[in-house]
Structures are given as structure tokens and as C-alpha cells.
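Reading through the C-alpha cells given below for one structure.
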Amino acid sequence: MKLKTFVKGAAISLAVAAVSSAQADITLRHALTGETLDMSFAKKGGNTDKFKQFMQTGKNPYNGDAEAVKKGESLYMTGCSGCHGHEAEGKLGPGLADDYWTYPRNASDVGLFEVLFGGANGMMGPQYVAFNTDEMLHIMAFIRHIYKGDPKKAEWLK
Ligand code: HEC
């Protein structure tokens, strides 16, 4: 009986895995609940080739791209600096340029994207209301660019 339940459960999770891998290679989860992020909330215009690449590899293709970092900086100044500080040194929200993360998954691009798209606690609401997914990748490239923490803790470079 127990074995039967186990086999049934395994079959279901295999089926679920097959469906999600047909859509994308990575699964995005909410930083607090662990629930799969509902990408239908995404603003129009963000499903660029670069974003598709991110969904396949889990790596931000804009990292290290000077043009993208510049655009990301300007978006960051509009949408994030009020709470996180102009140099991401921390203000209402925590610093984003050091290697201490409330949510350790932020040391990876997938984790950082998850907090941007889905939000976290309190004033850190989902950023999909303000930015499309391609813009979020630009902002992330800026955040990685100004990183001042220990290079060994930069998971996104691995
Ligand atoms: C209204 C203020 C506010 C705005 C605007 C805001 N944040 Fe936040 N942010 C916060 C607060 C407060 C937290 C702490 C939430 C928590 O601990 O769950 C936070 C947490 C975070 C974290 C998690 C940090 C960690 O240590 O794990 C990241 C990453 C982040 N914000 C990035 C951004 C970016 C990028 C933007 C702009 C697109 C942004 N935030 C806009 C207030 C804000």
C-alpha cells in the first residue's frame, strides 16, 4: 500500500517536471513561500531573447555588458534607489552591493530575479508592477556591477 502511494507520487512529480521543462529549464519560486512564480503578471515587452536565454540557463546574459549596466543603473535610480540607496548601500531596504543577503539565494541570478519579480517582506513588493522582465535583468546587471563583497561569494560568476 505504502509502496503504491510512493509510486503514484513519483509518477505525478515526473509528469509535473516534464510539463515545466517543456516551458523553460529553470523554475522561478517566491522567496518567502516557495511557490512557483506566476509569470502571467509580467509586464509586456520583457520576453526578449536575452530573457529567454536567462530562463534556459539561469544566468543573466547582461552581466558585464557595459551598455546594459548603464541602462540598469538608470532604471535602478528610478525604481530602487529611494529604498536601497543610490549606491545600494542600504536605507529603508538592505544594502545590495555587499555579500550579506537576507535571502542567500540572492547570490545567484535566479534568486535575485525571484526577489525582484515576486517581492519579499513588507515594503519589498513585487517589482513586476514597475518593470518588465528584461528591465529587471538590466537592473540586476547594475547590482552585480557595483558589488563590493567577497569575490568568492559571488555565486552568479560560478
Ligand atoms: C518601497 C521600498 C522598496 C523599493 C522601492 C524596493 N525595495 Fe527592495 N527591499 C525593500 C525592503 C524593506 C526589503 C527587505 C525585505 C525583506 O527582508 O523581506 C527589500 C529587500 C530587497 C532584496 C533582498 C535583499 C537581501 O538581503 O536578500 C533585494 C534583492 C531587493 N530588495 C532589490 C530591490 C530592487 C532591485 C528594487 C528596484 C527594482 C527594489 N528592491 C525596490 C524595500 C524596497
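Residue 77 in this note's numbering is what sits at position 57 of the sequence shown, and the numbering runs on without skipping anything.
Even for Gly, the Cβ is constructed at its ideal location relative to N, Cα and C.
Among the options, which one has its Cα closest to the Cα of residue i?
i    : options              : result
I60  : Q73, T153, A161, G99 : The amino acid occupying residue 60 in the given sequence is Ser; Ile does not appear at that position. Among Q73, T153, A161, G99, the Cα nearest to that of S60 belongs to T153.
I206 : N83, S128, L177      : The structure shown has nothing for residue 206, since the chain only spans 21 to 178.
P146 : C100, Y120, P124     : C100
Alpha carbon to alpha carbon, what distance is there between residue j and residue i?
i    : j    : result
A18  : T122 : Because residue 18 is not part of the residues shown, which for the chain are 21 to 178, the question remains open.
S40  : T68  : Bear in mind that a pLDDT of 48 at S40, under 50, signals an unreliable position, so the number given afterwards is only what the model happens to contain. Those two C-alpha atoms are separated by around 20 angstroms.
D170 : E155 : 26 angstroms
A88  : F151 : 15 angstroms
K178 : V135 : 20 angstroms
F74  : L48  : 11 angstroms
G102 : K111 : 8 angstroms
A86  : E55  : 34 angstroms
N80  : E93  : 15 angstroms
T77  : R125 : 16 angstroms
G65  : D118 : 31 angstroms
L132 : G84  : 16 angstroms
Y120 : K72  : 29 angstroms
Mind reading off the beta-carbon distance from residue i to residue j? Whole number of angstroms is fine, and I expect it under 8 angstroms.
i    : j    : result
K91  : H158 : 5 angstroms
G138 : A51  : 6 angstroms
L116 : A108 : 4 angstroms
Y148 : A62  : 6 angstroms
Between which two residues does the alpha helix (DSSP H) holding residue i run?
i    : result
H165 : 153-165
D85  : First-last for D85: undefined, no H or E at that position.
K63  : Premise fails: K63 is in no alpha helix (DSSP H) and is neither H nor E.
L132 : 129-138
Q76  : 69-77
G102 : 101-104
Are there 16 or more other CB atoms within 10 angstroms of the CB of residue i, so buried, or fewer, so exposed?
i    : result
W176 : buried
F162 : buried
M97  : exposed
Y82  : buried
M143 : exposed
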